[in-house]
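Engineer: Quick mapping for you: the protein sequence lines, in order, are chains P and F.
Sequential numbering of the first sequence, starting at 4, is according to the working numbering.
Sequential numbering of the second sequence, starting at 4, is according to the working numbering.
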Amino acid sequence: MHTAIRVRSLPVYLFALLLAVCWSARAEARLRVVTTLEDLAAITRSVGGERVEAFSLAKGYQDPHFVDAKPSFVLQLSRADLLIVAGLELEVGYLPPLLDQSRNAKLQPGNSGYLDASVGCEILGQPTRAVTRAMGDVHPYGNPHYWTDPENGRVIARAVAAKLSALDPEGTAVYAKNLAAFEARLDAKLQEWAAWMKPYVGTQVVTFHDSWPNFAHRFGLEIIGHVEPKPGIPPSPSHTLATINLIREQRVPVILVEPYFDTKTPKSIAERTGAKVVTLYPSVGGTDGIEDYFDLFDFDLKVLIEALGGDRP
Amino acid sequence: MTVFELLLPAFVAALILTGIHAYLGVHVVERGVIFVDLSLAQIAALGTTVAYLLGYDLHSTAAYLCSLSFTFLGAGVFAMTRVHHKTRIPQEAIIGIVYAVAAAVSMLVMSKATQETEHLKHMLVGNILSVSWPEIAKTALLYALVGAFHFIFRHRFLLISMNGEEAERRGWNVRFWDFLFYVSFGVVVTSSVAIAGVLLVFCFLIVPSVAAMLFAERLWTRLAIGWSLGAVVSAAGVMLSFELDLPTGAAIVATFGAALLLLAGVRLLLPRRTA
Numbered sequence: 004m005h006t007a008i009r010v011r012s013l014p015v016y017l018f019a020l021l022l023a024v025c026w027s028a029r030a031e032a033r034l035r036v037v038t039t040l041e042d043l044a045a046i047t048r049s050v051g052g053e054r055v056e057a058f059s060l061a062k063g064y065q066d067p068h069f070v071d072a073k074p075s076f077v078l079q080l081s082r083a084d085l086l087i088v089a090g091l092e093l094e095v096g097y098l099p100p101l102l103d104q105s106r107n108a109k110l111q112p113g114n115s116g117y118l119d120a121s122v123g124c125e126i127l128g129q130p131t132r133a134v135t136r137a138m139g140d141v142h143p144y145g146n147p148h149y150w151t152d153p154e155n156g157r158v159i160a161r162a163v164a165a166k167l168s169a170l171d172p173e174g175t176a177v178y179a180k181n182l183a184a185f186e187a188r189l190d191a192k193l194q195e196w197a198a199w200m201k202p203y204v205g206t207q208v209v210t211f212h213d214s215w216p217n218f219a220h221r222f223g224l225e226i227i228g229h230v231e232p233k234p235g236i237p238p239s240p241s242h243t244l245a246t247i248n249l250i251r252e253q254r255v256p257v258i259l260v261e262p263y264f265d266t267k268t269p270k271s272i273a274e275r276t277g278a279k280v281v282t283l284y285p286s287v288g289g290t291d292g293i294e295d296y297f298d299l300f301d302f303d304l305k306v307l308i309e310a311l312g313g314d315r316p
Numbered sequence: 004m005t006v007f008e009l010l011l012p013a014f015v016a017a018l019i020l021t022g023i024h025a026y027l028g029v030h031v032v033e034r035g036v037i038f039v040d041l042s043l044a045q046i047a048a049l050g051t052t053v054a055y056l057l058g059y060d061l062h063s064t065a066a067y068l069c070s071l072s073f074t075f076l077g078a079g080v081f082a083m084t085r086v087h088h089k090t091r092i093p094q095e096a097i098i099g100i101v102y103a104v105a106a107a108v109s110m111l112v113m114s115k116a117t118q119e120t121e122h123l124k125h126m127l128v129g130n131i132l133s134v135s136w137p138e139i140a141k142t143a144l145l146y147a148l149v150g151a152f153h154f155i156f157r158h159r160f161l162l163i164s165m166n167g168e169e170a171e172r173r174g175w176n177v178r179f180w181d182f183l184f185y186v187s188f189g190v191v192v193t194s195s196v197a198i199a200g201v202l203l204v205f206c207f208l209i210v211p212s213v214a215a216m217l218f219a220e221r222l223w224t225r226l227a228i229g230w231s232l233g234a235v236v237s238a239a240g241v242m243l244s245f246e247l248d249l250p251t252g253a254a255i256v257a258t259f260g261a262a263l264l265l266l267a268g269v270r271l272l273l274p275r276r277t278a
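1. Measure the CB-CB distance between SER121 of chain P and LEU91 of chain P and report whether it falls below 7 Å.
2. Would you mind reading off the limits of the alpha helix (DSSP H) that contains SER59 of chain P?
3. Mind the definition here: the stretch 226-242 of chain F touches the stretch 252-270 of chain F only if three or more C-beta pairs lie below 8 Å; say whether that holds.
4. Does DSSP put VAL280 of chain P in a helix, in a strand, or in coil?
5. Please check if any C-beta of chain P sits within less than 7 Å of the C-beta of SER133 of chain F.
6. Leaving aside the five residues before and after ILE258 of chain P along the sequence, list all residues of the same chain whose C-beta is less than 8 Å from its C-beta, in chain order.
7. Going by DSSP in three states, ILE37 of chain F sits in which element: helix, strand or coil?
8. Does the structure place the stretch 210-229 of chain F close enough to the stretch 24-42 of chain F that three or more beta carbon pairs sit under 8 Å?
9. Using 8 Å for Cβ pairs, my map puts ARG35 of chain P next to GLU56 of chain P. What's the rounded Cβ distance?
10. Is there a Cβ of chain P sitting closer than 7 Å to that of LEU279 of chain F, yes or no?
11. Under DSSP, the beta strand (DSSP E) around TYR117 of chain P begins and ends at which residues?
12. On the DSSP letters alone, give me the boundaries of the beta strand (DSSP E) that VAL209 of chain P sits inside.
13. Would you kindly work out how many angstroms separate the C-alpha atoms of SER168 of chain P and GLY116 of chain P, rounded to a whole number?
14. Relative to the C-alpha of LEU111 of chain F, which residue among F:VAL235, F:LEU56 and F:ALA16 is closest?
15. Just to confirm, are LEU20 of chain F and PHE152 of chain F a CB contact at a threshold of 7 Å?
16. By DSSP, does LEU85 of chain P sit in helix, in strand, or in coil?
17. Taking only the alpha-carbon atoms, compute the straight-line gap between ALA215 of chain P and GLY228 of chain P and give it to the nearest angstrom.
18. Near ALA30 of chain P, which residues of its chain fall below 7 Å by C-beta distance, leaving aside the five closest residues on each side in sequence?
19. From THR266 of chain P to THR224 of chain F, what does the alpha carbon distance come to, in whole angstroms?
20. DSSP three-state call for ILE19 of chain F: helix, strand or coil?
21. So for ILE236 of chain P, helix, strand or coil by DSSP?
22. Taking the CB atoms as reference points, tell me whether ARG275 of chain P and ILE247 of chain P lie closer together than 7 Å.
23. Just checking my contact of SER114 of chain F with LEU49 of chain F at CB under 8 Å: how many whole Å lie between their CB atoms?
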């Protein structure tokens, strides 16, 4: 009789023990967040503070469309509580198989540990009619480089705060406080950046790829052409000629290039037109000195203003 | 700017590339080391990658010297691995291995970098439209030097390429001359790949030589056919790329393919050669 009770209550003890261990571990552990972009990781760190640790799959100096998968990515995903993606099919080339291998059901699209950061952001370049192959390299969901507009950064930060609060209700107050601080800093920075860019509003620029519409939209630049419409495929002579003549006629001062493309083609166009090739970094971590989301715009705007002949602010 | 101003440098560059590559192509085809240019280009790219990681600018002299010394290393490997009589390992196998390993090591080096290296991936994709006149002048001078070097020692190089056993019988230091051949070849390929990209350089090298072999045996006849073909195809390819609005390099490559097909058809119609 005595033994029977002990045997029967063993699972109960074990369960209670397990619960206690989990509980204490949970109180200690921080939320593990994996993001596809360093920008999303930077915003997550701002909002989550001490309660989260964020790991980005793509590094800031990599082309976010093509990321070489490493074994550590699967490990990170399998242990993660939350996955934040840029969405709009930016990661379609590498993320789905990694997600499958991670066997982490929480992170599957639509589940609790999945956040699409593009939701609610202002997305440019959405086609107004049905996309067909004939239209070439048009993105059916709009341009996926939306985080280059700091107002979209605000939207992302709010969504991240809401998601973190849902996953970790105890931290709700902390997340709200951090979000408020982030937004206050953003408001101040937006005013500062607008003041820097005031003399250059309306400047016409040519970009290497169509990666900068949100940046241009926010800071008052007008993009009038692209050097290489499709990555990796050199532009045809008539396109090159049209670009050269456009830059000459409109006296376009700068050609904006992402750091992960060779500058051979833009440089040759610059030589024939007198425009300057300017490398702008599309993401946090692109180079030394871009440590968080605010550094990104500080850095890019300073480089741009200097190239336009202004004094470095 | 007019179409003519844009296309002229590309066309002149194509002519200069034809000049040296149609000649080197004869050697390459005779030796049966078809992919040696890809392999050397990949080694050179590895050298540039290493220089870049050491902190030198991609288009600086230091980076060029580094890629050149890697090319010398490759030349040394190819000179040492002439067909091995005991094991019958074909040299093409070594060339393939060197290519794969050099490409993989570049990738490994890049993956450990803490700076932006993504554009190094585009290094072997040239854009012949972006070539500038100073670049053309520099390249022409370099190729003229290499051409002169080959002309002076033509008897050595040609006999070794066409009849290596005879050269060995004469007691020549074949490995030494092979090394010189691959070094000069590497110097040419490194700068031509930077201008035109791997695909186009491969075509300039192999297609004129192969096409000429359809019709002629004698060296100078083959060279004449190769040079004419290269010039005509370059002009046609550049024009086509403009008319049809296509990337210029790829258009020239496709034109080379079509020209070779056409010539092979003509060859079938001609009476059989009496060897």
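Note that the Cβ used here is the ideal one computed from N, Cα and C, for glycine as well.
Structural biologist: Working from what's here:
1. Taking C-beta atoms as the reference points, SER121 of chain P and LEU91 of chain P count as a pair closer than 7 Å.
2. For SER59 of chain P, there is no enclosing alpha helix (DSSP H); the residue is found in the beta strand (DSSP E) stretching over 55-59.
3. The way I'd put it, the stretch 226-242 of chain F does touch the stretch 252-270 of chain F; three or more beta-carbon pairs between them come closer than 8 Å.
4. Strand, per DSSP.
5. At least one C-beta of chain P is nearer than 7 Å to the C-beta of SER133 of chain F.
6. Cβ contact annotation for ILE258 of chain P (same chain, cutoff 8 Å, sequence separation greater than five): VAL208, VAL209, THR210, PHE211, VAL230, ILE250, PRO269, ILE272, ALA273, ALA278, LYS279, VAL280 and VAL281, in chain order.
7. Coil, per DSSP.
8. As far as the Cβ criterion goes, the stretch 24-42 of chain F touches the stretch 210-229 of chain F, which means the pair count is three or higher.
9. 6 Å between Cβ atoms; contact.
10. This structure gives no information on residue 279 of chain F, because the portion of chain F shown stretches from 4 to 278.
11. TYR117 of chain P: member of the beta strand (DSSP E) spanning 117-119, first to last residue.
12. Boundaries of the beta strand (DSSP E) around VAL209 of chain P: 207-210.
13. SER168 of chain P and GLY116 of chain P: Cα-Cα distance of roughly 12 Å.
14. Ranked by how close their Cα comes to the Cα of LEU111 of chain F, the residues F:VAL235, F:LEU56 and F:ALA16 have F:LEU56 in first place.
15. Cβ distance not < 7 Å, so LEU20 of chain F and PHE152 of chain F don't count as in contact.
16. When secondary structure is reduced to three states using DSSP, LEU85 of chain P falls in the strand class.
17. Reading off the sequence, residue 215 of chain P comes out as Trp, not Ala. Those two C-alpha atoms are separated by around 11 Å.
18. With a pLDDT of only 48 at ALA30 of chain P, under the threshold of 50, the placement of this residue in the model should not be trusted, and no figure is reported.
19. Spanning the alpha carbons of THR266 of chain P and THR224 of chain F requires a straight line of approximately 41 Å.
20. Residue state, collapsed to three classes: helix.
21. In the structure shown, the three-state DSSP call for ILE236 of chain P is coil.
22. Taking 7 Å as the Cβ cut-off, ARG275 of chain P and ILE247 of chain P qualify as a contacting pair.
23. The beta-carbon distance between SER114 of chain F and LEU49 of chain F, rounded to whole angstroms, is 14 Å. This is too long to meet the 8 Å contact definition.
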